[in-house]
Structures are given as C-alpha cells and as structure tokens.
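See structure below.
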Amino acid sequence: MTRKYVDCRETPSVSGCTLAMSGEEEELVRAAVNHAVDVHGHTDSEELREGVRRDLKDAPVAGMRQGAFVQLIEFSTDRIDEVERLAREWAEEMGADRTARWALVGTDLDRPGTYVEIVEFPDHDSAMDNSANPKTTRFAENLRALCSGEPRFVNLEVRGTTDFAS
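Quick note, my numbering runs 7 ahead of the 1-based positions in the sequence shown.
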C-alpha cells in the first residue's frame, strides 16, 4: 500500500503549525483528525475526516517530490560544532517562518574539514523567501565567519525520485 502524508504547512492556518505526518491511509486519517481536533480546535466529524482524506498525498521518497527545491551548501571549517550550534539557533529563531523542511549535514570523508549540507524546500519560491529573510542573511554571514573559504551553494529543482527499497 502507498504511504500517504499530510502537512499542516500546506493548509492555511492561523496557528502557523508545522506538523507533518505520514503513514498508511487509515492510520494517518485517525492521527490527523486527532491533531486537527486537539491543536486546531476542529470538531471531529465525518466532514472533517473526508476533508483530511481528500488532502492526503502520496508520500514522496525521502520526503521529496517532483518540483521540490534542494540547496547544497559545501563548506570547509575546523569549527563544525559552532556551525551546528549556529544552525540550531537559526532554526529556533526562524520558528514558523522557516520554509526549509529538513536538512542533512554530511562529512566529506575524502576531504577532512569539508562538509555538505543538503536543505529541502517545498519549491523554489519558498527557498527564495527563506534566503530573503534577514535572520537567514545573518546566519549566512555568521557561517562565513566560521569557514575557511567561501561556502559553495548549488540550487537544484527535483526532477524525480526513485525509491530503491520498494
């Protein structure tokens, strides 16, 4: 059975909720309805259940789908703990304004002191909104101060994904 997902960021909300859930359809409908009642103040009804079911989407591979936007940031530093602390502080400061869905930091095993961060956004516009935020500008300036050399940014639109585990 195809795994489904639902993401509060894709539904207009005054609360700015950022919760995303995935699972098999019936399990996910139950969890999403409980969340909608508990957090968003909706009333549990057949209409709510039908609306949740209608909003379910096929879960993308590793959280991505065609049209998503991925940014790769390659940087060198001997202060990786400070970079990671800086990233946590940025995410906390951004809060609900953060358009990045997830990030992964990897160590380049062939080049000591070199790292690659992969950040996924729903789309290019969301990534550009993130980049234009003064909090992100401040983060980038602070990142540069911790790096030896200029970080390299690569911007990618996702053309497709393949799940080799299926």
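A virtual CB, placed ideally from N, CA and C, is assigned to each residue, including glycine.
{"Query": "Whole-angstrom C-beta distance between N137 and F128, which should lie under 8 Å", "Result": "7 Å"}
{"Query": "Rounded straight-line distance, which links the Cα of E81 to that of R166", "Result": "21 Å"}
{"Query": "Same chain, Cβ closer than 7 Å to A98, neighbours up to 5 away in sequence not counted", "Result": "R105"}
{"Query": "Simplified DSSP assignment, three categories, for E157", "Result": "coil"}
{"Query": "Straight-line gap, A38 to G156 (C-alpha atoms, nearest Å)", "Result": "47 Å"}
{"Query": "Straight-line Cα distance separating T18 from V112", "Result": "29 Å"}
{"Query": "Status (buried if at least 16 other CB within 10 Å, exposed otherwise) for V13", "Result": "buried"}
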